[in-house]
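Asks: If you read the sequence shown in my numbering, its first letter stands for residue 38, the second for the next number, and so on.
Virtual Cβ for every residue (Gly too), placed ideally from N, Cα, C.
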Amino acid sequence: MKKLYYLITLLLTLLIFSNHSTAQQQAFKLGIINLQYRDTLGGTNNVLHFDIVMQHINEEISGPFEYITAQYFMNFNSAIANGGDLNYRRIGSDLPVNFRPVNPSITGNILRMAGNFPATPGPLISTSYPGTLISRMRLTTTANSFANVPLSLNWRAPEDPQPHTLVAAANGLFAVDISNNGYYYVDSLNNMNIVNLLIPGYNSAVYNSTVIFKWNKVNHASAYTLQVATDSAMHSLIYNEPAGQDTSGTVSELLLGSRFYWRLKILDSSGTDYYSYKSRFYTKAVLKSPLDKSINQPQSVNFEWSKVSDSVSNYIIQISEDSLFNSLSFSDTVATDTSKLIRGLKFNSRYFWRIKAMYPSGGYELTSAWSLKTLNESIHPTWPAYNYDFFTTSIEFKWDTPSIINYSKYYLKIAKDTLLNNVFFYDSVENANSLFVYKLDYNQRYYWTVAVKDSFNNFVTSDIWTFRITDLVMTLYSPGNNFNDRNIFLDLIWRKPVINALRYKLIFSRDLLQNDIIFSDSTLTDTIKSIGPLEFETRYYWSVTAYDTIGNEKKSDVWNFGTGTFLYSPLHNSYVSSYDGRFVWYKLPTAVSYRLQVAGNINFTDMIIDEEGIQDSLKVTSLPPRIEYYWRVMAKNDTGYFRTSYTWKLGRIDFPVPVEISSFNSFVNKNNITLNWTTVSENNNAGFEIERAFSNSGSNPSLDNWSKVGYVSGSGTTTISKNYEFTDRNVNSGKYRYRLKQTDFNGNYVYFELDNEVNVGVPDKFELSQNYPNPFNPSSNLEFEIPEREFVTLKVYDLSGKELMTLVKEQKDPGYYTISFNGTGLPSGIYFYNLKAGNFNATKKMTLVK
38 MKKLYYLITL LLTLLIFSNH STAQQQAFKL GIINLQYRDT LGGTNNVLHF DIVMQHINEE
98 ISGPFEYITA QYFMNFNSAI ANGGDLNYRR IGSDLPVNFR PVNPSITGNI LRMAGNFPAT
158 PGPLISTSYP GTLISRMRLT TTANSFANVP LSLNWRAPED PQPHTLVAAA NGLFAVDISN
218 NGYYYVDSLN NMNIVNLLIP GYNSAVYNST VIFKWNKVNH ASAYTLQVAT DSAMHSLIYN
278 EPAGQDTSGT VSELLLGSRF YWRLKILDSS GTDYYSYKSR FYTKAVLKSP LDKSINQPQS
338 VNFEWSKVSD SVSNYIIQIS EDSLFNSLSF SDTVATDTSK LIRGLKFNSR YFWRIKAMYP
398 SGGYELTSAW SLKTLNESIH PTWPAYNYDF FTTSIEFKWD TPSIINYSKY YLKIAKDTLL
458 NNVFFYDSVE NANSLFVYKL DYNQRYYWTV AVKDSFNNFV TSDIWTFRIT DLVMTLYSPG
518 NNFNDRNIFL DLIWRKPVIN ALRYKLIFSR DLLQNDIIFS DSTLTDTIKS IGPLEFETRY
578 YWSVTAYDTI GNEKKSDVWN FGTGTFLYSP LHNSYVSSYD GRFVWYKLPT AVSYRLQVAG
638 NINFTDMIID EEGIQDSLKV TSLPPRIEYY WRVMAKNDTG YFRTSYTWKL GRIDFPVPVE
698 ISSFNSFVNK NNITLNWTTV SENNNAGFEI ERAFSNSGSN PSLDNWSKVG YVSGSGTTTI
758 SKNYEFTDRN VNSGKYRYRL KQTDFNGNYV YFELDNEVNV GVPDKFELSQ NYPNPFNPSS
818 NLEFEIPERE FVTLKVYDLS GKELMTLVKE QKDPGYYTIS FNGTGLPSGI YFYNLKAGNF
878 NATKKMTLVK
């Protein structure tokens with residue numbers, strides 16, 4: 038028992054890894070063959086002999102494996118006993134003695150046989166088809182004969198109550214359960230005599246395309262069907278013809294140099310079909326060179342083959358680009374030579390070739406086909422990039438030169454369809470790998486290739502690339518991007534594209550990625566959408582996608598705006614004296630009361646009013662003296678304060694002003710903005726901070742995103758007029774507002790805002806400026822300007838023309854640009870920087886001095 042337990046445990050452990058078993062192990066199954074029917078004294082047809090074998094599933098694979106078994110269980114049709122008792126015993130085995138199964142017994146229709154286990158698994162060498170004998174069995178009945186009924190023998194299934202068969206083929210740590218595949222069925226005991234496939238023998242060779250097949254006569258067979266296939270599974274039948282009761286058949290026109298499989302389909306006297314085992318054979322190999330599936334063949338190839346027969350009058354070599362030879366690329370007749378040089382094969386092509394041996398009588402023999410692949414030669418498009426969108430109708434097409442073909446003439450084809458039938462442009466160019474094409478159509482998708490001819494006048498053609506000329510540009514209009522203090526009822530407006538759009542899709546959300554969508558409408562046909570009411574003091578994001586009539590779509594950038602505060606009066610940046618009036622605000626839907634705070638500073642530490650439990654206003658009769666006041670409101674619901682308003686500022690008109698400014702002006706030079714201002718007098722003036730913000734036409738400019746861009750020192754205390762100037766350089770295109778934050782030495786400050794907004798327009802031409810500083814160490818600024826949207830590259834080269842780095846390689850909007858170049862890691866010397874934008878190309882020199 039200990040030994041049995043050990044081996045079963047070992048087997049189960051091995052079976053855990055059965056999914057990793059080798060192909061060799063998977064080539065076997067447990068099966069039954071060689072069923073024979075015999076007589077004994079006192080009975081007729083009452084003995085059944087059969088072999089349990091380790092069968093080859095794949096006849097291509099054989100070899101050593103390890104054999105482990107616990108018990109065999111086999112079910113069969115118990116009606117074969119014909120009313121008698123069944124007996125069973127083992128009468129032989131190819132296994133070593135210590136592996137042969139013992140203790141056969143029968144219970145009902147279950148045949149059981151235990152394994153004789155060694156201490157460890159041992160090797161079993163299996164090298165021949167169809168299998169290795171595990172045990173020769175004899176089954177007898179005490180009746181005079183077995184019943185002539187269908188017989189089914191199959192290995193016990195795993196779901197049966199008793200343990201099923203455990204037989205494994207093992208190799209090292211891995212094993213596969215082969216007993217679960219065993220199955221054998223025969224319709225009647227009368228059909229259990231052996232079928233022998235005689236000629237051609239297994240794995241034999243035949244020397245012509247006509248083959249004679251022979252087999253032995255099978256008792257009670259009423260008809261035979263001969264089947265020949267090109268695969269071992271017998272799926273690809275090339276011959277499937279009845280042979281009647283003959284025990285031979287002839288098949289003609291088999292391909293030379295091929296492997297074939299054959300078997301018989303047998304019809305017995307009861308009208309039931311069953312199959313013999315399979316055999317295989319080879320026809321004479323004829324083709325020699327180039328080898329089958331060879332690659333990198335030149336355009337001229339010498340084909341060689343073996344002599345088929347002395348009777349052959351001539352050979353025909355056939356070469357095709359399809360395996361069925363429906364159309365021939367080459368076909369040539371050779372007398373009795375066994376080679377032929379074929380010239381003019383195309384690059385990048387797969388060919389199939391075969392030989393047709395002709396006889397004086399008009400008959401022929403045909404070989405199987407071999408294949409070859411010619412050298413890869415290619416020409417690659419480089420520009421316009423695949424699936425690129427252009428906004429210009431003139432494009433320079435570019436491509437790489439081939440690596441093998443030494444020709445200088447290229448053929449460029451541009452079409453409006455994927456099959457290149459609707460040709461828009463077709464022309465050639467010599468000694469250049471680029472070509473300008475003008476007047477392409479707007480709102481059109483194009484497909485293009487470039488080709489070159491080889492020395493045999495065959496075209497080598499590139500892949501088909503596509504691009505689009507489009508005017509479908511989506512631009513949002515109002516509310517402006519990053520605007521604040523918008524009304525809670527407003528219109529979303531966008532510009533109509535130059536090419537008419539069929540419809541628009543508006544997405545309105547609470548986040549930049551537009552995942553938190555408030556609403557989405559894809560049925561719009563107008564360029565305006567009214568929305569509201571929105572929430573106060575909330576930022577919203579919106580985008581519009583346009584769809585045109587030919588299936589193009591273009592999505593705008595995502596813009597955002599913020600709604601205004603619920604404060605109402607007094608207005609932000611207004612001025613008061615002693616103040617006798619009300620602080621007023623809008624009511625919020627969920628608020629039950631409000632808290633008003635008024636302070637003398639923006640941090641609300643100098644608190645003047647802090648009143649709770651009020652509704653939509655509070656009357657104030659006077660305010661204590663301050664330079665300026667700040668006020669805000671907090672809204673409260675049943676759970677507490679849930680929203681605090683923006684902070685608005687009030688100025689005190691009857692408080693002395695430390696600095697009096699008589700003028701404040703701006704001047705624009707390209708993307709440089711110069712501000713100058715004049716003071717009448719100054720009192721304790723420390724200086725001016727210069728602040729800039731994107732222009733905002735809203736009623737709450739304090740909510741703009743002001744940023745400090747510079748500082749100019751003041752003149753302290755003086756009654757003499759002073760002039761000041763500051764230049765804000767390299768400002769991007771757009772509209773801006775400026776203000777001065779005048780600060781005294783005590784930290785008090787007041788704002789002076791420029792009356793007008795400043796507009797930095799787009800350039801009117803392409804330009805690349807000289808870098809500054811120059812000479813430089815280690816960094817310098819490179820400036821350029823573009824008047825329209827283009828794909829821009831900015832690269833740096835050394836004196837030899839070697840590219841050192843790419844600073845810009847992307848689509849750019851119209852405007853002014855400054856790029857910082859860092860020469861750390863480069864030696865002193867002269868360098869060049871080159872700008873390409875559309876058709877504009879400019880280069881300038883710069884000097885690095887260390």
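Under three-state DSSP, which class holds Ile117?
Replies: helix
Asks: Who are the near neighbours of Thr754 in its chain, counting only those whose CB is closer than 8 Å to its CB and skipping five residues on each side?
Replies: Glu719, Asn720, Asn721, Asn722
Asks: Could you say which of Gln282, Leu604, Asn424 lies nearest to Asp522 if we only look at CA atoms?
Replies: Distances from the CA of Asp522 to each of Gln282, Leu604, Asn424 were compared; the closest alpha carbon is that of Leu604.
Asks: Could you give the first and the last residue of the continuous beta strand (DSSP E) run that contains Leu17?
Replies: Outside the shown range of the chain, which is 38 to 887, sits residue 17, and nothing can be said about it.
Asks: Check Pro418 in the structure and name its three-state DSSP category.
Replies: strand
Asks: Run through DSSP, which three-state label would His609 get?
Replies: Three-state DSSP puts His609 in coil, outside helix and strand.
Asks: Which residue marks the beginning of the beta strand (DSSP E) containing Gly599, and which one marks its end?
Replies: Annotation: the continuous beta strand (DSSP E) that includes Gly599 extends over 596-600.
Asks: Under the DSSP definition of a beta bridge, which residues are partnered with Ala583?
Replies: Tyr541, Lys591
Asks: Suppose you measure from the CA of Asn459 to the CA of Val349; what does that come to, to the nearest Å?
Replies: Between Asn459 and Val349, the alpha-carbon positions lie close to 51 Å from each other.
Asks: Below 8 Å, how does it come out for the region 370-384 and the region 410-429: are there three or more Cβ pairs, yes or no?
Replies: yes
Asks: Can you check which of these residues, Thr582, His609, Glu590, Gly588, is closest to Trp596 by C-alpha distance?
Replies: Of the listed residues, the one whose Cα sits closest to Trp596 is Thr582.
Asks: Label His417 either buried or exposed according to how many other C-beta atoms from any shown protein chain fall within 10 Å of its C-beta, with 16 as the threshold for buried.
Replies: exposed
Asks: On the DSSP letters alone, give me the boundaries of the beta strand (DSSP E) that Tyr870 sits inside.
Replies: 866-874
Asks: With three or more beta-carbon pairs closer than 8 Å as the criterion, would you say the region 433-443 touches the region 512-530?
Replies: The region 433-443 and the region 512-530 do not touch, with fewer than 3 CB-CB distances between them shorter than 8 Å.
Asks: Is it true that the region 291-301 meets the region 262-269, where meeting means three or more beta-carbon pairs spaced less than 8 Å apart?
Replies: Yes, the region 291-301 touches the region 262-269.
Asks: Give me, in chain order, the residues of the same chain whose beta-carbon lies closer than 6 Å to that of Pro200; leave out the 5 immediate sequence neighbours on both sides.
Replies: With a pLDDT of 40 at Pro200, under the threshold of 50, the modelled position of this residue cannot be trusted; read the value that follows with caution. Excluding positions up to five away in sequence, the list is empty.
Asks: Measuring CB to CB, does Pro824 end up less than 8 Å from Val799?
Replies: yes
Asks: Helix, strand or coil for Met644 per DSSP?
Replies: Met644: strand per DSSP, three-state reduction.
Asks: Looking at Thr177 and Val84, is the spacing between their C-beta atoms short of 8 Å?
Replies: yes
Asks: Taking the beta strand (DSSP E) that Glu665 belongs to, which residues open and close that run?
Replies: 665-674
Asks: How would you write the range of the beta strand (DSSP E) that Thr320 sits in, first residue to last?
Replies: 316-320
Asks: So, are the CB atoms of Tyr667 and Ile639 less than 8 Å apart?
Replies: yes
Asks: Counting Cβ pairs closer than 8 Å, one from the region 306-315 and one from the region 390-407, do we hit at least three?
Replies: No: the two stretches stay apart, fewer than three of their Cβ pairs being nearer than 8 Å.
Asks: What are the uninterrupted segments assigned as beta strand (DSSP E) that are 3 or more residues long and contained completely in the region 718-795, given in chain order?
Replies: 744-755, 759-765, 771-781, 786-790
Asks: Assign Ser306 to one of three DSSP states: helix, strand, or coil.
Replies: Here Ser306 sits in coil by DSSP.
Asks: For Ser492 and Gln336, what's the separation of their Cα atoms in angstroms?
Replies: 9 Å
Asks: Are the region 358-366 and the region 417-431 touching by the rule of at least three beta carbon pairs closer than 8 Å?
Replies: no
Asks: Could you have a look at Gln336 and say whether DSSP puts it in helix, strand or coil?
Replies: coil
Asks: So, helix, strand or coil for Ser395, using DSSP?
Replies: What sits at residue 395 in the sequence shown is Met, not Ser. Met395 falls in the strand class under three-state DSSP.
Asks: Any idea if Asn876 is buried or exposed, counting beta-carbon neighbours within 10 angstroms, 16 or more meaning buried?
Replies: Asn876 counts as exposed, since fewer than 16 other beta carbons sit within 10 angstroms of its beta carbon.
Asks: Given a threshold of 16 other Cβ atoms within 10 Å of its Cβ, counted over all protein chains shown, does Ser246 qualify as buried or as exposed?
Replies: buried
Asks: Identify, in the order they occur along the chain, each residue of the same chain with its Cβ nearer than 8 Å to the Cβ of Asp653, setting aside the five sequence neighbours on each side.
Replies: Val621, Trp622, Tyr623, Lys624, Tyr631
Asks: Tell me whether the region 460-477 and the region 339-355 touch, counting them as touching only if at least three CB pairs, one residue from each stretch, are closer than 8 Å.
Replies: no
Asks: Which value, in whole angstroms, describes the spacing of the CA atoms of Ala879 and Val833?
Replies: Approximately 12 Å between the Cα atoms of the pair.
Asks: Using only CA atoms, which one of Ile651, Met395, Thr684, Pro626 lies nearest to Ala636?
Replies: Taking the Cα of Ala636 as reference, the smallest distance to any Cα among Ile651, Met395, Thr684, Pro626 is reached at Thr684.
Asks: Less than 8 Å between the CB atoms is what I'm expecting for Tyr483 and Leu477, so what's the real figure, rounded?
Replies: With a Cβ gap of about 7 Å, Tyr483 and Leu477 count as contacting.
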